[in-house]
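Trainee: My structure is below; once you've seen it, I'll send some questions.
In full-length UniProt numbering, the protein residues as written are 1 to 107.
Written out as structure tokens, the structure reads:
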């Protein structure tokens, strides 16, 4: 686990990507104040949906957002794309998608 706090990592990654606070907040669907609070350590980690969007915007993984570990090798690009795409789906649509995958794989 990376000892750096999530907010500091997120702040550094945002700056490295060249995003201002407002632009990054807009891209992730967070308010600028919520993102600033997260970066300063004043708030806990965002919801999974926001963490997924934040990871995508910063070109990181959710694991990196949470604990600093970039475990991309554990997930293929296609798997990450599928995960990212599910954030726009309703819970019912996600459940239907899971059922279809199980039917296709026999699991």
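Where a beta carbon is used, it is the ideal one built from N, C-alpha and C, also for glycine.
1. Going by C-alpha to C-alpha distance, which of 104, 21, 61 and 99 sits closest to residue 83?
2. Around the C-beta of residue 39, are 16 or more other C-beta atoms found within 10 angstroms, so that it is buried, or is it exposed?
3. To the nearest angstrom, report how far apart residue 46 and residue 106 are at their CA atoms.
4. Can you tell me which of the three DSSP states residue 61 falls into?
5. Could you give the DSSP three-state label for residue 77: helix, strand or coil?
6. Any chance the segment 90 to 107 sits against the segment 22 to 39, with 3 or more Cβ pairs inside 8 Å?
7. Evaluate residue 53 with the Cβ neighbour count: other Cβ atoms within 10 Å of its Cβ, from every protein chain shown; 16 or more gives buried, anything less gives exposed.
8. May I ask you to report which of helix, strand or coil DSSP gives residue 50?
9. Quick check on residue 13: does DSSP put it in helix, strand or coil?
Mentor: Quick look at the numbers:
1. Measuring from the Cα of residue 83, the nearest candidate turns out to be 61.
2. By the 16-neighbour rule on beta-carbons within 10 angstroms, residue 39 is buried.
3. Residue 46 and residue 106 have their C-alpha atoms spaced approximately 34 Å apart.
4. DSSP places residue 61 in coil when its eight states are reduced to three.
5. The answer is helix: DSSP assigns residue 77 an H, G or I state.
6. The segment 90 to 107 makes no contact with the segment 22 to 39; the number of CB pairs closer than 8 Å stays below 3.
7. Under this definition residue 53 is a buried residue.
8. Helix, per DSSP.
9. Under the three-state reduction of DSSP output, residue 13 falls in the helix class.
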